[in-house]
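Enquirer: So that we are looking at the same thing, I have put the structure below in structure tokens.
Residue numbers (the numbering used here): 46 to 229.
This is the structure we're talking about:
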């Protein structure tokens, strides 16, 4: 009898041990999935803040570069106004103006501004795609792990809440129509 009861105890302990092992492994897996979801959520929030900073920096650069060209135009206007006003009465001096080396607008500033706008927009577009991809990865993760999601109640995210777009784009997507861009 003693042998039978010790075998039963050992069998029960083995069953409890296996059950505990399965429970510990399951809990560790759930916790790992939860940690992944939290890490993705934090990555999305950090990328969103980064995108805001990038967007702000991009527009400040554009405005500052445009101010430089405006300042240059104002300075040239002032120089020409002073030259012409100072020599208006003396026709010989007016003829000298034509022959003198006069200041000119630096066309490179406009090309540099165009390049800066293009590069800034490209960088911002890359950042927008990155956050959209992070949202997709997060949503896929929480939808794939149903048990984890039912315990921790993670909600899917709407990538549109993180993306900056224009009225033109919104209208095109609402109507399903868009026209060609008219530059003039």
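All C-beta atoms in this analysis are idealised placements derived from N, C-alpha and C, irrespective of residue type, glycine included.
Could you have a look at residue 208 and say whether DSSP puts it in helix, strand or coil?
Expert: In the structure shown, residue 208 sits in coil (DSSP, three-state: anything other than H, G, I, E or B).
Enquirer: Look up residue 200 in the DSSP assignment and say whether it is helix, strand or coil.
Expert: It is coil, neither helix nor strand.
Enquirer: Closer than 8 Å by C-beta to residue 166: which residues in its own chain qualify, once you throw out the five before and the five after it? Chain order, please.
Expert: These residues qualify, in order along the chain: 103.
Enquirer: What did DSSP end up calling residue 221 once you bin it into helix, strand or coil?
Expert: Coil, per DSSP.
Enquirer: Could you check if residue 193 is buried or exposed, using at least 16 other CB atoms within 10 Å of its CB as the buried criterion?
Expert: Classification of residue 193: buried, given that the 10 Å Cβ count is 16 or more.
Enquirer: Which of helix, strand or coil does DSSP assign to residue 180?
Expert: In this structure, residue 180 counts as helix in the three-state DSSP scheme.
Enquirer: For residue 78, collect the residues of the same chain with a Cβ closer than 7 Å to its Cβ; drop the 5 residues on either side in sequence, then sort them by chain order.
Expert: Contacts found: 190 and 193.
Enquirer: Only counting the same chain, and skipping five residues up and downstream in sequence, which positions put a Cβ closer than 7 Å to that of residue 96?
Expert: Result list for residue 96: 172, 173 and 176, in chain order.
Enquirer: Between the beta-carbon of residue 184 and the beta-carbon of residue 210, is there less than 9 Å?
Expert: No. Outside cutoff.
Enquirer: Distance check for residue 217 and residue 66, CA to CA, integer angstroms please.
Expert: The alpha-carbon atoms of residue 66 and residue 217 are separated by roughly 56 Å.
Enquirer: Taking the CB atoms as reference points, tell me whether residue 179 and residue 58 lie closer together than 9 Å.
Expert: Against a cut-off of 9 Å, the Cβ pair of residue 58 and residue 179 comes out as no contact.
Enquirer: Report yes if the C-beta distance between residue 111 and residue 158 is below 9 Å; otherwise report no.
Expert: Yes.
Enquirer: Rounding to the nearest angstrom, what Cα-Cα distance links residue 113 and residue 122 in this structure?
Expert: Between residue 113 and residue 122, the C-alpha separation is close to 14 Å.
Enquirer: My assumption, with CB atoms under 8 Å, is that residue 82 sits in contact with residue 207. Please give the rounded CB distance.
Expert: The Cβ separation is near 17 Å, so there is no contact.
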